[in-house]
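Under the working numbering, the sequence shown has 197 at position 71, and the numbering climbs by one with no breaks.
Glycine included, C-beta positions come from ideal geometry on N, C-alpha and C.
Single-structure report; data block below.
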Amino acid sequence: MALVIREMALAEVELVIDYFHGSTPEHLETMGVDPTRLPTRRDWRARYVAEYGKPRRERSTLLVIWELDGVALGFSTAEKIVYGEQAHMHLHIVDPQHRGSGIGAECLRETVELYFEALELKRLFCEPNAFNVAPNRTLQSVGFRYVKTHETVPGPLNYHQAVTRWVREETARGPREAPRSSTHQRKEIPR
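The structure is reproduced here in structure tokens:
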């Protein structure tokens, strides 16, 4: 099966918007998302149109799509970007069939490389809800280092909650503990 990890095109941002607007209240709760804080679909799309109109170095977000055999199975977003320094990322499997399958870890490995290269990062953070076991385990499995668990409002869609902060840091060979590959475009996965 062909796994493709790449930057998301503007024409594909509906994947993100549809994911959040189409999620059940229970799934949003697992992620620590307050449904009353979701922007309208139109406002959210307008934000992405404005972001994609800027040079990468001036954007406040970078979106990555995960495709398996040409079908989107998830995505990642980088925010709070300080180009050449650090960013914060999120990861989402949109297809419930693939949650818990281990494919998220493979997607995340490639995504980390993409963010480090595209944004010239030294550090990449992720702060999932502390009680959402899946992303916490996935981050640990791909070499993120535990920093702390604390309470905060991690983003504009979230309510005050306990989050676990994880970090990946750059080394001379690239993101610490990340396997290096020659491309982010296509990876064959045996099934």
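As assigned by DSSP and simplified to three states, the class of residue i
i    : result
N258 : coil
E296 : strand
A204 : strand
R291 : strand
P222 : helix
R185 : coil
T162 : helix
Y209 : coil
L245 : helix
T275 : strand
A198 : strand
V142 : helix
Straight-line gap, residue i to residue j (C-alpha atoms, nearest Å)
i    : j    : result
D221 : E243 : 27 Å
Y272 : V289 : 11 Å
A260 : M127 : 23 Å
V208 : Q223 : 35 Å
P151 : P161 : 7 Å
Of the listed residues the options, nearest to residue i (C-alpha basis)
i    : options                : result
G179 : L136, H214, T203, I191 : L136
R263 : R249, H286, H276, R225 : R225
H218 : T275, T150, T203       : T203
E133 : H147, D160, E239, T156 : E239
G228 : L265, M157, G210, E140 : L265
Y241 : L189, A231, P181, G230 : L189
Counterpart residues of residue i in DSSP-defined beta bridges
i    : result
F251 : H214, V293
R171 : The partner list for R171 (beta bridge, DSSP) is empty, contrary to what the question assumes.
Residue-level contact to chain D via CB, residue i, 7 Å cutoff
i    : result
F201 : Of the protein chains in the structure, only one exists, and it is not chain D.
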